[in-house]
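All remarks here apply to the structure that follows.
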Amino acid sequence: MRLLHALALSLALPLPHAFAEDLPKPEAPFAGVAADTREKSTPAFPDAVKAPKGAPNVILILLDDVGFAASSTFGGAAATPELDKLASQGVRYNQFHTTAICSPTRAALLTGRNHHQTGFGNLVPAGYPAYNLIWKKETASIAQVLRLNGYSTVAFGKWHNTPVWEISPAGPFDHWPTGLGFEYFYGFMAGETSQWEPQLYRNTVAVEPTKTPAQGYHFTSDIVDDAVKWLHNHESVAPEKPFFLYLATGATHAPHHVPQEWIDKYKGQFDQGWDKLREENFARQKALGVIPANAELTPRPEGLPAWDSLSPDQKKLYAHQMEVYSAFLSHTDHEVGRLLKTLDEEGRAKDTLVLYIVGDNGGSAEGGLNGSDANLGVFQGANTDVAFQLQHLSDLGSPLYDNHYAAGWSWATTTPFQWMKQIASHFGGTRNPLVVSWPGHVAQSQAIRSQFGHVNDIAPTIYAAAGVAFPDKVEGVAQTPLEGKSLLPSFTDPQIKSAHTEQYFEIFGNRAIYKDGWVAGARRYRPWEMFTDITKVFRGGFENDKWELYHVEEDFSQAHDLAEKNPEKLAELKAEFDKEARRNGVYPLVPIPEKDKLPLASVGKTHFVFYDGVDRLPAQALPDIGARSHRITAIIDNSDGKAEGVIIADGGRHGGFSLYVKDGRLIYVSNLFGQTLERVVGAPLPKGKSTVVYTFDVDFSLKETAKGLISAALIAKARPGQARLSVNGEEVASEHLSAFGGFNAIGTETLDIGKDLGSPVSPDYQTPFAFTGKIEKVELDLK
82 MRLLHALALS LALPLPHAFA EDLPKPEAPF AGVAADTREK STPAFPDAVK
132 APKGAPNVIL ILLDDVGFAA SSTFGGAAAT PELDKLASQG VRYNQFHTTA
182 ICSPTRAALL TGRNHHQTGF GNLVPAGYPA YNLIWKKETA SIAQVLRLNG
232 YSTVAFGKWH NTPVWEISPA GPFDHWPTGL GFEYFYGFMA GETSQWEPQL
282 YRNTVAVEPT KTPAQGYHFT SDIVDDAVKW LHNHESVAPE KPFFLYLATG
332 ATHAPHHVPQ EWIDKYKGQF DQGWDKLREE NFARQKALGV IPANAELTPR
382 PEGLPAWDSL SPDQKKLYAH QMEVYSAFLS HTDHEVGRLL KTLDEEGRAK
432 DTLVLYIVGD NGGSAEGGLN GSDANLGVFQ GANTDVAFQL QHLSDLGSPL
482 YDNHYAAGWS WATTTPFQWM KQIASHFGGT RNPLVVSWPG HVAQSQAIRS
532 QFGHVNDIAP TIYAAAGVAF PDKVEGVAQT PLEGKSLLPS FTDPQIKSAH
582 TEQYFEIFGN RAIYKDGWVA GARRYRPWEM FTDITKVFRG GFENDKWELY
632 HVEEDFSQAH DLAEKNPEKL AELKAEFDKE ARRNGVYPLV PIPEKDKLPL
682 ASVGKTHFVF YDGVDRLPAQ ALPDIGARSH RITAIIDNSD GKAEGVIIAD
732 GGRHGGFSLY VKDGRLIYVS NLFGQTLERV VGAPLPKGKS TVVYTFDVDF
782 SLKETAKGLI SAALIAKARP GQARLSVNGE EVASEHLSAF GGFNAIGTET
832 LDIGKDLGSP VSPDYQTPFA FTGKIEKVEL DLK
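Written out as structure tokens, the structure is:
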């Protein structure tokens with residue numbers, strides 16, 4: 082406290098309150114007089130809660146799937162001039178850490194606790210408190226605490242921390258951003274979405290993009306536009322009130338969607354391949370000083386091919402994938418720069434603390450060894466062959482493909498470390514750049530900070546900067562203590578020792594413990610295998626995992642495994658991990674998700690009724706028809722004999738199904754991850770009222786067409802079967818489908834009645850292709 086007091090005096094920082102308070106704060110006593118007559122009475126209104134004097138505005142920025150060495154600010158090949166500019170005004174942290182994967186990082190970031198404590202131990206829900214993906218009331222968010230201390234609070238972009246079964250028009254909404262302290266939210270509610278045709282929410286209401294891709298729409302530009310508008314409104318109405326603005330881009334998570342003019346800037350820049358790029362990144366990092374002079378470049382992991390071993394076609398495809406990715410990151414940097422420029426234009430930059438985290442984990446190897454243009458479709462056996470992908474090379478980055486780069490690039494973008502996203506045992510999965518700017522409050526005598534940090538340090542840092550005491554209770558609920566440590570002292574003292582001296586890591590059983598300059602960790606699988614063989618992720622045998630040991634105080638990149646040389650230290654750290662795991666609820670490791678036990682509204686139901694106008698129903702609110710026999714019955718009215726349009730559609734161009742009328746005929750289309758489209762075309766639709774029925778009967782006698790998938794606990798395999806169309810009881814078409822999966826590769830695509838929102842399931846029409854007749858109802862029955 083004495084150190085903080087000295088810092089506060091020297092930098093004019095607001096001081097935290099001496100004692101924690103419960104939130105919300107009690108209303109102040111009535112300051113007027115309420116007497117028996119109006120003449121004797123004096124009116125008075127209660128004062129609104131105000132933030133501490135001098136409390137700064139706070140902008141917290143989080144990018145997605147960006148490795149330590151992706152940006153030029155930290156030695157990468159992707160130009161990020163706006164991030165460079167911000168770093169020149171502040172400091173860069175080169176030993177800052179995430180959890181190694183998406184939702185857990187965000188939960189730890191926004192609460193200041195460990196991810197298991199918040200309920201986000203992993204990405205897939207399992208029936209244990211640390212893994213059920215239900216935000217704990219005992220772990221209030223930064224937004225909740227700041228709002229109750231007089232801040233305005235807003236969030237833009239990606240939100241991946243609401244239970245999937247609560248993302249529906251029926252809610253409940255207490256785990257949505259607006260239920261967790263944010264007064265305003267605009268973005269999407271999933272792990273990924275199309276950057277060209279996203280499924281958006283404003284607060285808790287589904288909304289559509291204001292433009293089409295052809296008209297120049299892009300999600301990153303859209304959320305920055307909305308954030309700039311919000312800042313202008315706030316500055317006009319309440320300039321004296323500080324704000325907390327959280328911007329979480331969908332970039333650079335797959336799909337790698339970016340305007341073509343940005344891709345063109347990188348033509349030919351990655352023909353040297355990932356081995357050479359990693360060497361180039363390493364040299365730039367040394368020159369910038371973002372890694373120490375004695376840091377070593379770690380070797381390529383087993384299973385990743387050497388660039389020189391590849392065929393010309395492989396090199397052509399892979400190099401262009403990296404051109405697209407780098408363009409995506411540069412475009413994102415440009416858009417974030419527009420937001421920061423607004424602070425300068427409004428004269429608020431000097432009053433604003435900016436914390437910019439460059440990635441929620443390391444580079445992503447989830448594209449597999451070849452990369453993919455139907456990335457999540459790999460779960461069901463999407464074609465990732467190089468020759469196939471080369472057929473549409475020039476369209477990568479466009480709305481047409483759910484594209485991801487080859488795993489070798491994820492390794493290159495995590496230079497100089499081993500491994501990448503998901504691998505919480507190594508810094509390639511957990512080490513991400515942090516840039517901090519706060520004019521007048523951050524000493525720039527040494528622009529690099531090397532204190533050990535973690536995303537759970539951000540909340541206590543913000544509270545200290547704002548002069549806000551962390552509460553004992555929020556809304557009557559006793560709070561779990563903060564796990565993170567404030568980085569505030571390091572803003573002005575480059576040499577101050579790290580306050581964060583111990584931290585565990587665990588994702589999918591990949592686990593580690595950091596303590597006092599040492600790291601022990603165990604890796605379980607190669608992350609590029611996740612989509613093709615999930616059994617490697619969920620296998621048991623944890624007692625047989627091989628642990629490694631690194632003295633990272635001297636070995637920055639984890640280049641030298643000391644496990645055999647120092648077994649005593651390894652045993653000590655393994656015991657420490659076990660202690661922390663038990664304290665934080667980490668066990669059991671990698672619990673198996675049981676889909677039929679999730680509290681989904683559709684679980685146990687076989688009959689569903691939808692009415693005209695119903696739209697934007699997400700997959701989790703719907704019956705699971707994946708590879709199941711089912712029947713769709715629609716009562717429609719073609720009164721003038723000219724009706725056309727969509728009757729029911731689920732999904733989009735990257736996967737789903739649609740029943741529609743085109744050129745007078747009833748048509749059903751099955752779209753399997755955008756690569757296999759099969760149609761059932763019926764006779765002309767009669768004039769007047771009709772009952773149309775589509776049935777699909779799975780053929781279990783034939784071999785499944787999807788390869789490498791998974792487990793029914795996660796998603797059903799695509800299967801062949803017989804599809805039939807009938808009108809008013811008379812069969813009008815019958816076709817054999819080679820594979821029906823009922824799977825939306827872009828998981829945010831939705832079910833719509835009377836239209837097809839988002840991207841079109843069928844290339845036969847353009848969205849929304851609204852039905853011009855009348856729909857009484859649509860029934861769906863599972864057999």
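Position one of the sequence shown corresponds to residue 82 (this note's numbering), numbered consecutively onward. Think of the CB as a built atom: it goes at the ideal place given N, C-alpha and C, for glycine as much as any other residue. Everything numeric in this text was worked out from a predicted model, so none of it was measured.
Do residue i and residue j have their C-beta atoms closer together than 8 Å?
{"i": "A547", "j": "P133", "result": "yes"}
{"i": "F689", "j": "L861", "result": "yes"}
{"i": "K239", "j": "G208", "result": "no"}
{"i": "G448", "j": "M501", "result": "no"}
{"i": "F111", "j": "A101", "result": "no"}
{"i": "Q276", "j": "P336", "result": "yes"}
{"i": "Q350", "j": "A559", "result": "no"}
{"i": "H299", "j": "A271", "result": "no"}
{"i": "A799", "j": "G822", "result": "yes"}
{"i": "G418", "j": "E163", "result": "yes"}
{"i": "A528", "j": "V172", "result": "yes"}
{"i": "L420", "j": "A295", "result": "no"}
{"i": "F572", "j": "V523", "result": "yes"}
{"i": "S249", "j": "Y347", "result": "no"}
{"i": "I142", "j": "I543", "result": "no"}
{"i": "F691", "j": "K858", "result": "yes"}
{"i": "I706", "j": "I834", "result": "no"}
{"i": "W246", "j": "W355", "result": "no"}
{"i": "N230", "j": "V130", "result": "yes"}
{"i": "F589", "j": "V671", "result": "yes"}
If you follow the alpha helix (DSSP H) that residue i is part of, which residue opens it and which one closes it?
{"i": "W311", "result": "F300 to V318"}
{"i": "G418", "result": "P393 to E427"}
{"i": "A468", "result": "V467 to L471"}
{"i": "Q198", "result": "H196 to T199"}
{"i": "V226", "result": "I223 to R228"}
{"i": "Q803", "result": "No alpha helix (DSSP H) contains Q803, which is instead part of the beta strand (DSSP E) from R800 to V808."}
{"i": "I543", "result": "I539 to A547"}
{"i": "N665", "result": "P648 to N665"}
{"i": "L342", "result": "Note on identity: in this sequence residue 342 is Glu, with Leu being the wrong assignment. From DSSP, the alpha helix (DSSP H) with E342 extends over Q341 to D345."}
{"i": "T573", "result": "L569 to T573"}
For my contact list, residue i and residue j are in at a C-beta cut-off of 8 Å; report their separation, rounded to the angstrom.
{"i": "V459", "j": "T613", "result": "6 Å"}
{"i": "R359", "j": "T511", "result": "So it is not a contact: roughly 18 Å between Cβ atoms."}
{"i": "P765", "j": "G736", "result": "The Cβ separation is near 29 Å, so there is no contact."}
{"i": "F586", "j": "A188", "result": "Not a contact, Cβ separation roughly 14 Å."}
{"i": "D145", "j": "T333", "result": "6 Å"}
{"i": "E830", "j": "G733", "result": "4 Å"}
{"i": "G193", "j": "P648", "result": "35 Å between Cβ atoms; not a contact."}
What are the boundary residues of the beta strand (DSSP E) that residue i is part of?
{"i": "R365", "result": "Not the beta strand (DSSP E): R365 falls in the alpha helix (DSSP H), residues G354 to L369."}
{"i": "P520", "result": "Per DSSP, P520 belongs to no beta strand (DSSP E) and is neither H nor E."}
{"i": "A771", "result": "Per the sequence shown, the amino acid found at residue 771 is Ser instead of Ala. Run containing S771: G769 to V779, per the beta strand (DSSP E) assignment."}
{"i": "P765", "result": "T757 to P765"}
{"i": "S819", "result": "E811 to F821"}
{"i": "H241", "result": "Neither: H241 is in no beta strand (DSSP E) and is coded neither H nor E."}
{"i": "R119", "result": "From DSSP, R119 is part of no beta strand (DSSP E); its letter is neither H nor E."}
Which residue wins for smallest C-alpha separation from residue i, given the options the options?
{"i": "L563", "options": "S222, A116 and V114", "result": "S222"}
{"i": "V467", "options": "S531, K397, Y437 and G521", "result": "K397"}
{"i": "P767", "options": "S720, S475 and W355", "result": "S720"}
{"i": "G478", "options": "A550, A540, V405 and G810", "result": "V405"}
{"i": "R607", "options": "H178, W246, L450 and G202", "result": "L450"}
{"i": "H632", "options": "E624, V808 and V600", "result": "V600"}
{"i": "L378", "options": "E108, P107, Q639 and S710", "result": "Q639"}
{"i": "P253", "options": "A682, R760, Q803 and P541", "result": "A682"}
{"i": "W257", "options": "Q225, L229, Q198 and P107", "result": "Q225"}
{"i": "L568", "options": "L515, W490 and D425", "result": "L515"}
{"i": "K596", "options": "L167, E657, V435 and A251", "result": "E657"}
Run through the segment 584-632 for me and flag every whole beta strand (DSSP E) of 3 or more residues, listed as ranges in chain order. 591-596, 599-603 and 628-631
In chain order, what are the residue ranges of uninterrupted alpha helix (DSSP H) at least 4 long that sit wholly in the segment 166-215? 183-192 and 196-199
Return the chain-ordered ranges of every beta strand (DSSP E) run that is complete within the segment 477-524 and spans a minimum of 3 residues. 515-518
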